[in-house]
Amino acid sequence: MAIDNSVNVSEAPERESMEFDVLIVGGGPAGLSAAIRLKQLAAEKNKELSVCLIDKGAEIGAHILSGAVIDPRALNELLPNWQQMLPSELTTVTEDRFLLLKEQKASRLPLALLPASLKNSGNLIGSLGQVCAALASQAEQLGVDVFAGFAATEILYDDEGTVIGITTGDMGLDKSGNPTSLYQPGMNLLAKMTFFAEGCRGQLGKQLIERFDLDSGRGKQTYGLGLKEIWQIPKPQHQAGLVVHSIGWPLDSRTYGGGFAYHYGENLVAIGLVVGLNYENPYLSPFDEFQRLKTHPSLSAFLKGGKRISYGARTLVAGGLAALPELSFPGGALIGDDAGFLNAARIKGSHCAVKSGALAAEALFESMNDDVIDYARFKTEYRQKFERSWLYRELHLTRNFKPYMKKGLYLGSLLFGAEQLLLKGRTPWTLKLKQADHECLQEAHNFQPIDYPKPDGVLTFDKPSSVFLSNTNHEEDQPCHLKLKDNHVPTKMNLPKYAAPETRYCPAGVYEIVSIEDQPKLQINAQNCLHCKACDIKDPTQNICWTAPQGGEGPIYQGM
């Protein structure tokens, strides 16, 4: 159950308010594309439309982390000249390699045996954060009010239960929640329509799904945790446009996941690992599995003599079409990864996010009459536009990917490959996941602890030095944004039953078991938080709720 921060506007404390026609929460590809498309349509129809977009990062792009191999289709539709807005050129994919790894060996899978979803011809490699910064500049030129550094912390409703906006978080509170000399109250941002584009496992999106029962009858949503580093490597080892994906080692065959290495730019390699958060072993540490991955000869050969220049981690939503919730509700809609628009079979989501934002914008214009929005019509228009789009067709073709992979690496790959290569995804059945990720974690007595090698500081690293590269910062004297529903659960339940898994699934060392007067206690190092949301998803007792800290805090990713 989510911690519900909803507020009836008639009962809300007195705050300053600003009103807009449309409010967008989140400055990722979905929110920015919605803002741009709204202004494009307003110009086409010679209509005045006020649009405001807020983002919790210190700047647009600061919290954006993606692989990133980008399918340009949706951006080409939205802004045909979008690449000319970027500070540096993206790299065109020149070669695909798909590897099955054993501990010291690798087998390259023939491209002819790979489903089309795993091929990247025509795609681009670069920084999605830089793309978002460029889109924000374009949105501002079109007249969108873009405000970075403002976290949306509460949803506002009218007396009928219609969403009418959000409240931004208070600034300058001490750890006990009392105002300091730096106190600044949040504002009420009001709108006729609010698009929620917070990204994966959005704080407010989670509340909306629960309040309006938007996921009723759907499959269980599932997630992955993506860990990524950027390396500058010697020129002879760089192969511009090379895309490498791997499955197998270091993960066992029951744990979904895979590695990647993308060569782009001026001798840059983005290397990373995605671990499905429906894993069973509580001793598994995604961060340490990633460090092990880099020691494989097939990948370490790229990195030898190189320098690690950036690190980050972020969850990604992976349930696909069967897990998509209802997309709208009175007064608002979910777009991008807040809804679940990511194609896990393609390991891509930015093009899905862009398209969903544009579709929501177009549906809104179809539902407006003399500045009055027909919410029932918007619900129908948004759903129908999605179902008639190439986005729906793409997600429909790969809809069974995650349920198949739940059967294990080898059987799942065989079933999905057969469906895609022989039947082209046109099966008469749609499979649904029946367990949430936190329900998949088994008790510690079923497993042996994993002995991870100590980092060498050359190829493998520890969490503190990695978090340092993410430029993460939080003011320590503020309320902890990682909320425990019950302070006793971590030591009374999670520690004895699951061996304190929060100390391992967190990729930033936020959670630590310490001894105080010979009694174990969970210490939360909230200042290290990368805002990845893994704790909110994987905590087996669902006792941890991630909430937004002060606006502008968290990582400031460079080139992610």
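Position 237, counted from 1, in the sequence shown is what full-length UniProt numbering calls 237; the numbers after and before it change by one each time, with no gaps.
Heads up, the beta-carbon is just placed ideally off N, CA and C, and yes, glycines get one too.
Being a predicted model, the structure only gives us computed values, none of them experimental.
Could you check the C-alpha separation between Gly26 and Gly509 for me, to the nearest Å? 26 Å
Tell me Phe447's beta-bridge partners as DSSP assigns them. Phe447 is not bridged to any residue.
I'd like to confirm the pairing. Which residues does DSSP put opposite Leu23 in its beta bridges? Cys52, Thr194
Please report the straight-line C-alpha distance between residue 563 and Ile164, rounded to a whole angstrom. Here the chain covers residues 1 to 560 and nothing more, so residue 563 does not appear.
Quick check on the burial criterion: 16 or more other C-beta atoms within 10 angstroms. Buried or exposed for Gly57? buried
Member of Pro428, Leu484, Val317 whose CA lies at the smallest distance from the CA of Thr222: Val317
For Thr430, count the other beta carbons within 10 Å of its own beta carbon; 16 or more makes it buried, fewer makes it exposed. Which is it? exposed
Tyr404: buried (16+ other C-beta within 10 angstroms of its C-beta) or exposed? buried
Under 8 Å Cβ to Cβ from Glu419, same chain only, skipping five residues before and after it: list those, please. Asn400, Tyr404, Gly425, Thr427
If distances are taken between C-alpha atoms only, which option among Gly272, Arg254, Asn267 comes closest to Phe260? Gly272
Leu303 versus Ala30, Val458, Glu476, residue with shortest Cα-Cα distance: Val458
Report the CB separation of Gly551 from Gly169 in whole angstroms; it is logged as a contact under 8 Å. 6 Å
Limits of the unbroken beta strand (DSSP E) element including Ile516: 511-516
Span of the beta strand (DSSP E) holding Ala58? It is not in any beta strand (DSSP E) - Ala58 carries neither H nor E in the DSSP assignment.
Find the nearest neighbour of Ile54 within the set Ala339, Leu65, Pro29, judged by alpha-carbon distance. Pro29
State the start and end residues of the unbroken beta strand (DSSP E) segment that holds Tyr223. 223-232
Provide the residue span of the beta strand (DSSP E) that contains Trp390, from first to last. It is not in any beta strand (DSSP E) - Trp390 instead sits in the alpha helix (DSSP H) that spans 390-397.
So what does Val275 bridge to, in DSSP terms? Leu225, Gly257
What is the residue span of the alpha helix (DSSP H) that Gln550 lies within? That residue, Gln550, is in no alpha helix (DSSP H); it is neither H nor E in DSSP.
Helix, strand or coil for Trp546, going by three-state DSSP, please let me know. strand
Going by beta-carbon coordinates alone, are Thr315 and Cys529 separated by less than 7 Å? no
Backbone secondary structure at Asn528 - three-state DSSP: helix
Just the C-alpha distance for Ala376 and Asp337, rounded to the nearest angstrom, thanks. 23 Å
Suppose contacts are defined by Cβ-Cβ distances below 7 Å. Is Ser253 in contact with Leu101 by that definition? no
Give me, in chain order, the residues of the same chain whose beta-carbon lies closer than 6 Å to that of Ala106; leave out the 5 immediate sequence neighbours on both sides. Leu99, Ser298
What is the rounded straight-line gap between the Cα of Trp546 and the Cα of Arg201? 9 Å
Mind reading off the beta-carbon distance from Pro282 to Phe447? Whole number of angstroms is fine, and I expect it under 8 Å. 7 Å
Alpha helix (DSSP H) segment containing Tyr382, residue limits: 375-387
Please say whether Ala499 and Ala548 have beta carbons closer to each other than 7 Å? no
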